[in-house]
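Visitor:
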Amino acid sequence: MSALQDFAQLPLDFHNYSYPPSLLLLTLPLAFLPFIGAFVVWTIAGGLTVFALVRSFWQTRPALLAMAAAPATYLNATGGQNGALSAGFLGGGLLLLHRSPLIAGVLFGALSYKPHLGVLIPVALACGGHWRAFASAFVTVLLLVGVSAGLFGWGAWIAYGERLIMMGGILDAGGLEFWQRMPTPYVAARLYGFERKTALLLHLPVALYALSRVISVWRRPQELPSIKAAVLVLAIFLVTPYLWDYDMVIMIVIFAWRLHEGQLRAWEGSALALVVVLPYLLIIAVNVLNFAVGPLVLVFALWAVSTRKNY
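The working numbering numbers the first residue of the sequence shown as 704 and each following residue consecutively.
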């Protein structure tokens, strides 16, 4: 933050750092660069990671066009956010799950820097019988916690736990400025004026539906990997109460994967395409129509992907 303040030549208010100390292991090298250099390196590295994943399904030009057209790509890059990093860990883990389960587990474990995005990964791995990846992810998380505690002290982890409560309060008090960029059922309920506890109760049945879809689909041994991946990602979006628009970069990878494997019904492809452009739809629908469209699009997409059997 001090580097940003020096770069902008403006005083900055208090800013909450809401990530666990394990993320510092990755971002620490950027501290040796000036602010603009670190920003450029971070953004390009994330973009290249997502491009490499999409490029595994499509040729260079379509892959670049898909990334350029996706709203989450723009929102992630202009904000210097970590959506591309999360997409690399989650998408890479899903792609490597059958070929290299140990490496996939490492990537899943690395996603623990953003725990709410990995909340259903253990469920999916257990239902699919991917125990090597499960164990690898578990060990990776332990190593990240141990190494970060060794470098930065356990006080950093204690402070992280304390900041989680503060961050929840900040998001709850954020109002339209924050909520118009979040597609979850909980935030939709908050937009419609429900109090926190009531909003969580309204969120619960949708989250349970999403969980049931993961359990059902990941227990199908012959199901297409792209369908399992799509179901998991969409379910994560519906289970976590808080999700930002830039976290949806992963949908570019999922959309490319499903198109590559094929066998899409018309409404399945349309539903996934809607999720890809959802970051812009959120803002338009809330501000123009006073309508929280996010949960409807996500539930429709999850239903469309998970209710067919491809075996």
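The beta-carbon is built from N, C-alpha and C at its ideal position, and this holds for glycine as well. Because the structure is a prediction, the values reported are computed rather than measured.
Given G821, which residues of its chain have a CB within under 7 Å of its CB, disregarding the five upstream and five downstream residues?
Guide: The residues are F811, L814 and S815.
Visitor: On the premise that S851 lies in contact with P724, defined as a C-beta separation below 8 Å, what is that separation, rounded to the nearest angstrom?
Guide: Between S851 and P724 the Cβ distance is about 4 Å, and since that is below 8 Å, they are a contact.
Visitor: If you reduce the DSSP assignment to three classes, tell me which class T671 lands in.
Guide: Lying outside 704 to 1014, the shown extent of the chain, residue 671 is not represented and no answer is given.
Visitor: Within a Cβ cutoff of 6 Å, which residues of the same chain sit near A988, ignoring the five residues on either side of it in sequence?
Guide: Counting only Cβ-Cβ distances below 6 Å, and skipping sequence neighbours, we find F994 and V996.
Visitor: Can you find the residues in the same chain that come closer than 8 Å, C-beta to C-beta, to V842, ignoring five residues on each side of it along the sequence?
Guide: The residues are G808 and G812.
Visitor: Within 10 angstroms of its Cβ, does Y889 collect 16 or more other Cβ (buried), or is it exposed?
Guide: So Y889 counts as buried.
Visitor: Give me the Cα-Cα distance between I868 and R968, rounded to the nearest whole angstrom.
Guide: Rounded to the nearest angstrom, the two C-alpha atoms are 43 Å apart.
Visitor: Assuming contact is defined by CB atoms lying nearer than 7 Å, are E964 and S929 in contact in what I supplied?
Guide: Yes, the pair counts as a contact, with Cβ atoms nearer than the cut-off.
Visitor: Please report how far the alpha carbon of G832 lies from the alpha carbon of S803, in whole angstroms.
Guide: Approximately 14 Å between the Cα atoms of the pair.
Visitor: State the Cα-Cα distance for the pair V670 and V1000, rounded to the nearest angstrom.
Guide: Since the displayed the chain opens at 704 and closes at 1014, residue 670 lies outside it and no answer follows.
Visitor: Of all the options A1007, D948 and V978, which has the alpha carbon lying nearest to the alpha carbon of F881?
Guide: Taking only the C-alpha atoms, the option nearest F881 is D948.
Visitor: Given this structure, state the Cα-to-Cα distance separating L845 from L756, to the nearest angstrom.
Guide: The straight-line gap from Cα to Cα measures roughly 27 Å.
Visitor: In this structure, how does DSSP classify A910 when only helix, strand and coil are distinguished?
Guide: Reduced to three states, the DSSP call for A910 is helix.
Visitor: Leaving out five residues before and five after G1062 in sequence, what residues of the same chain have Cβ atoms less than 6 Å from its Cβ?
Guide: Only positions 704 to 1014 of the chain appear in this structure, which leaves residue 1062 out of reach.
Visitor: How is W761 classed by DSSP in three states: helix, strand or coil?
Guide: Of the three classes helix, strand and coil, the one that applies to W761 here is coil, per DSSP.
Visitor: So for H680, helix, strand or coil by DSSP?
Guide: Nothing about residue 680 can be reported from this structure: the residues present for the chain run from 704 to 1014 only.
Visitor: Assign A790 to one of two classes, buried (16 or more other C-beta atoms within 10 Å of its C-beta) or exposed (fewer than that).
Guide: Under this definition A790 is a buried residue.
Visitor: Alpha carbon to alpha carbon, what distance is there between G783 and L767?
Guide: Between L767 and G783, the C-alpha separation is close to 19 Å.
Visitor: Starting from H833 and walking both ways along the alpha helix (DSSP H), at which residues does that stretch end?
Guide: No alpha helix (DSSP H) holds H833; DSSP gives it neither H nor E.
Visitor: Helix, strand or coil for F855 per DSSP?
Guide: Of the three classes helix, strand and coil, the one that applies to F855 here is helix, per DSSP.
Visitor: For the pair the region 937 to 948 and the region 740 to 755, tell me if three or more CB-CB distances fall below 8 Å.
Guide: The region 937 to 948 vs the region 740 to 755: no contact.
Visitor: Comparing alpha-carbon positions, which option in R866, L985 and G896 lies nearest Q883?
Guide: Out of R866, L985 and G896, L985 has the C-alpha closest to the C-alpha of Q883.
Visitor: I'd like the span of the alpha helix (DSSP H) that includes V890, first residue to last.
Guide: Here the alpha helix (DSSP H) through V890 covers P888 to L894.
Visitor: Note down the Cα distance separating L975 from L894, rounded to an integer number of angstroms.
Guide: Going by the C-alpha atoms only, they are around 24 Å apart.
Visitor: Give me, in chain order, the residues of the same chain whose beta-carbon lies closer than 8 Å to that of L786; leave out the 5 immediate sequence neighbours on both sides.
Guide: Going by the sequence as given, residue 786 is Gly instead of Leu. Hits under 8 Å: G749, A775, L778, N779, W947, Y949, D950, M951, V952 and I953.
Visitor: What are the boundary residues of the alpha helix (DSSP H) that V979 is part of?
Guide: Counting along the chain, the alpha helix (DSSP H) containing V979 begins and ends at A969 to V979.
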